[in-house]
Amino acid sequence: MKPSLLSFVVPAHNEEALLASTLHAIHEAARACAVDYEIVVADDGSTDRTALIAAESAARVLPVHHRQIAATRNSGARASKGDMLVFVDADTLINAAVLQAAIDEVVDGAVGGGATVCFDGRVPFYARALLPMLTAGMRVMRLAAGCFVFCTRAGFDAARGFDETLFAAEELAFSTALKRLGRFVIVRAAVSTSGRKLRTYSGLEVLRILGRFAISGRKMIEQRDHMGLWYDPRRVDPAPGRIDAAK
Numbered sequence: 007m008k009p010s011l012l013s014f015v016v017p018a019h020n021e022e023a024l025l026a027s028t029l030h031a032i033h034e035a036a037r038a039c040a041v042d043y044e045i046v047v048a049d050d051g052s053t054d055r056t057a058l059i060a061a062e063s064a065a066r067v068l069p070v071h072h073r074q075i076a077a078t079r080n081s082g083a084r085a086s087k088g089d090m091l092v093f094v095d096a097d098t099l100i101n102a103a104v105l106q107a108a109i110d111e112v113v114d115g116a117v118g119g120g121a122t123v124c125f126d127g128r129v130p131f132y133a134r135a136l137l138p139m140l141t142a143g144m145r146v147m148r149l150a151a152g153c154f155v156f157c158t159r160a161g162f163d164a165a166r167g168f169d170e171t172l173f174a175a176e177e178l179a180f181s182t183a184l185k186r187l188g189r190f191v192i193v194r195a196a197v198s199t200s201g202r203k204l205r206t207y208s209g210l211e212v213l214r215i216l217g218r219f220a221i222s223g224r225k226m227i228e229q230r231d232h233m234g235l236w237y238d239p240r241r242v243d244p245a246p247g248r249i250d251a252a253k
């Protein structure tokens, strides 16, 4: 059965540079798919114009102070009203094709899923080389990238949302929890997400993070320490793929 209401949950922390175009893309996709929807922006302690931009873009603003992506996503979801949830990162552009594919899968009985991901702008060579392998691997393992995750309300509740003991990789744990409940799919339609982390952190820095994780495992992502890639003040993007509301 087609969802009666879609709830888009957008976690955001100091996202004035990209949020307006993200919300515009959501509106355009939802209207093209002819669905009833709401947008909840979970504003996690922003000190810039994030909340104002969200309100001006016809989104409901939910102020939170977690500084943890899992908790922020959960707060947005629990404040929403839809029977289908679509989590979209504040730096990610969706489109009608990917949204319709997600809706179709839920109508066909899927409990949730994700999408193919591409990066905006220029990214380092190693990222361009590894992305096809990473995409194929996540499709085979049925793991969603955090920038776009969808699920039924019943699935979210049964999985108890995102694991708030984790400061990173919470979308992988959530994917695993949903797979235990039913069919979980990665649709072939793609979303475009910012490549700013890959542009502002060197390959060596990324390798060090992966190395620490290989040694420490889950213990590492249960602490904010060493999670600077996600929680440190954002570095200046040397070649942004898009800038909208900051202008």
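Residues 7 to 253 (our numbering) are what the sequence shown spells out, left to right.
Backbone N, C-alpha and C fix where the C-beta goes; we use that ideal spot for every residue, glycine too.
Just so we're clear, the structure is a prediction, and the values are computed from it rather than from any experiment.
- Under the three-state reduction of DSSP output, Pro9 falls in the coil class, being neither helix nor strand.
- Burial of Thr98 is indicated by the presence of at least 16 other C-beta atoms within 10 angstroms of its C-beta.
- Between the beta-carbon of Phe190 and that of Ala116 there is about 7 Å, and that keeps the pair under the 8 Å contact cut.
- Phe154 is positioned such that its CB atom lies no closer than 8 Å to that of Gly188.
- Here the alpha carbons of Glu228 and Thr171 stand approximately 6 Å from one another.
- In the three-state DSSP reduction, Leu99 falls in the strand class (E or B).
- If the five residues before and after Arg145 are omitted, its C-beta is found closer than 7 Å to the C-beta atoms of Ile192, all from its own chain and listed in chain order.
- The shortest CA-to-CA distance from Gly152 to any of Arg194, Ser181, Ser86 is the one to Ser181.
- With respect to the C-alpha of Lys203, the residue from Phe219, Asp238, Leu184, Ala220 having the closest C-alpha is Asp238.
- Secondary structure at Ala150: coil, using DSSP grouped into helix, strand and coil.
- Take Leu105, set aside five residues on each side of it, and the residues of its chain with a beta-carbon closer than 6 Å to its own are Ala35, Cys39, in chain order.
- The beta strand (DSSP E) runs of length 3 or more contained entirely in the region 65 to 135 are, from start to end of the chain, 66 to 70, 90 to 94, 118 to 125.
- In this structure, the CA atom of Glu21 is about 18 Å from the CA atom of His33.
- Contact annotation, Asp49 with Leu11: C-beta distance approximately 22 Å; criterion of less than 8 Å not satisfied.
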